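Student: Residue numbers (the numbering used here): 597 to 859.
1) Identify, in the order they occur along the chain, each residue of the same chain with its Cβ nearer than 8 Å to the Cβ of residue 626, setting aside the five sequence neighbours on each side.
2) Name the two residues that bound the continuous alpha helix (DSSP H) containing residue 783.
3) Output needed for residue 722: all residues of its chain with C-beta closer than 7 Å, excluding positions within five of it in sequence on either side, in chain order.
4) Which first and last residues belong to the alpha helix (DSSP H) in which residue 760 is found?
5) Taking the beta carbon of residue 603 as the centre, do at least 16 other beta carbons fall within 10 Å, making it buried, or is it exposed?
6) So, is residue 606 buried or exposed, given that buried needs 16 or more other C-beta atoms within 10 angstroms?
7) I need the straight-line Cα distance from residue 689 to residue 643, nearest angstrom please.
8) Looking at the structure shown, is residue 855 part of a helix, part of a strand, or coil, going by DSSP?
9) Alpha carbon to alpha carbon, how far is residue 767 from residue 645? Give it in angstroms, no decimals.
10) Rounding to the nearest angstrom, what Cα-Cα distance links residue 676 and residue 840 in this structure?
11) Relative to the C-alpha of residue 796, which candidate in 666, 813, 755 and 806 has its C-alpha closest?
12) In whole angstroms, what separates the C-alpha of residue 762 from that of residue 720?
13) Do you know how far the Cα of residue 628 is from the Cα of residue 649?
14) If we ignore side chains and look at the alpha-carbon of each, how far apart do residue 656 and residue 668 end up?
15) Use the C-beta contact count for residue 810: other C-beta atoms within 10 angstroms, 16 or more gives buried, fewer gives exposed.
16) Under 6 Å Cβ to Cβ from residue 683, same chain only, skipping five residues before and after it: list those, please.
17) Have a look at residue 635 and residue 620 and give me their C-alpha separation to the nearest angstrom.
18) Starting from the C-beta of residue 659, find all residues in its chain whose C-beta is less than 7 Å away, skip the five residues before and the five after it, and write them out in chain order.
19) So what's residue 831 in DSSP terms, helix, strand or just coil?
20) Measuring only the C-alpha atoms, how far is residue 798 from residue 769?
21) Where does residue 686 land, buried or exposed, given buried means 16+ other C-beta within 10 angstroms?
22) Assuming residue 793 and residue 802 make a contact with CB atoms under 8 Å, what is their CB distance in whole Å?
23) Mapping DSSP to helix, strand and coil, what is residue 665?
24) With DSSP run on the structure shown, which of helix, strand or coil describes residue 802?
25) What residue range is occupied by the uninterrupted alpha helix (DSSP H) comprising residue 751?
26) According to DSSP, simplified to helix, strand and coil, what is residue 793?
27) Go to residue 625, then tell me how far its alpha helix (DSSP H) extends in each direction, as first and last residue.
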């Protein structure tokens, strides 16, 4: 999907480069002005296809997320990727539809669209930071905590380590980076090397402690990202609604003036 977006963008830029590179006052005299202008067959078509992509991408994702549409056939995380694909390629096509000429109420819709895309990129980053199941369902804080192991018992019973050593090793898994008592990876390896453990046992303990530290970080990140995700909707949805309303007005006005593309 990324390749399609890149190739499509390069193709659109290459095809209309001479026209888009012409100053606005002289475009009327360009030999392909009737083709590339926003109301031309090519430019108008880009606007229609791009808008339909955005509407379809938004609609199918909302239908799946809120009403479990096609829930048995496609995972939410895959549909999210498709939603991002359509809502990235669609705005790019709309951008070329405008022929890089922004003005009036349409400019409000365009910049709202830009804000939606940018906030979508930020939302995608926040989304992937939240731990999820293989189906894409967000894990609860309790579910993530249940993955943690009782390290004290494992280290003392399975590996026969004394209490001070166990406490020292567990300090490596703490999530607080500012903790002055936090044990670094080099300190951990050095402590394990000077223990009476075999190489295999040291490797097992190191892997166990790394996994535990990863889970500790996930727990801390989960609480932060869940809050950010709620705030993100406050920015993403209003811009999307403004864009949608103005696009509807734009389409209605276009039809009222008799622009019907190739039909």
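Think of the CB as a built atom: it goes at the ideal place given N, C-alpha and C, for glycine as much as any other residue. Computed from a predicted structure; not experimentally measured.
Tutor: Inspection of the coordinates gives the following:
1) Hits under 8 Å: 614, 615, 618 and 632.
2) Its alpha helix (DSSP H) spans residues 781-789.
3) So the qualifying residues of the chain are 821, 824, 825 and 828.
4) Its alpha helix (DSSP H) spans residues 759-766.
5) Counting Cβ neighbours within 10 Å, residue 603 comes out exposed, since fewer than 16 surround it.
6) Exposed: under 16 other Cβ atoms inside 10 Å.
7) A direct Cα-to-Cα measurement between residue 689 and residue 643 gives close to 6 Å.
8) In this structure, DSSP gives residue 855 a state outside helix and strand, which the three-state scheme calls coil.
9) C-alpha of residue 645 to C-alpha of residue 767: approximately 56 Å in a straight line.
10) In this structure, the straight-line span from the alpha carbon of residue 676 to that of residue 840 is close to 19 Å.
11) The residue with the shortest Cα to Cα distance from residue 796 is 755.
12) If I take the Cα positions, the gap works out to 39 Å.
13) When the Cα atoms are used, residue 649 and residue 628 turn out to be separated by approximately 26 Å.
14) Roughly 14 Å between the two C-alpha positions.
15) By the neighbour-count rule (16 or more Cβ atoms within 10 Å), residue 810 is not buried but exposed.
16) Excluding the 5 residues flanking it on each side, residue 683 has same chain C-beta neighbours closer than 6 Å at 650 and 653, in chain order.
17) Each residue's CA atom was taken as its position, placing residue 635 and residue 620 some 15 Å apart.
18) Contacts found: 665.
19) DSSP places residue 831 within a helical segment (H, G or I) once states are collapsed to three.
20) Cα to Cα, residue 798 sits roughly 16 Å from residue 769.
21) So residue 686 counts as buried.
22) No, residue 793 and residue 802 are not in contact; Cβ-Cβ is about 10 Å, not under 8 Å.
23) Assigned with DSSP and collapsed to three states, residue 665 falls in coil, not helix or strand.
24) Under the three-state reduction of DSSP output, residue 802 falls in the helix class.
25) Taken as a continuous stretch (DSSP letters only), residue 751 belongs to no alpha helix (DSSP H), as it is neither H nor E.
26) Coil, per DSSP.
27) Segment: none, residue 625 is in no alpha helix (DSSP H) and carries neither H nor E.
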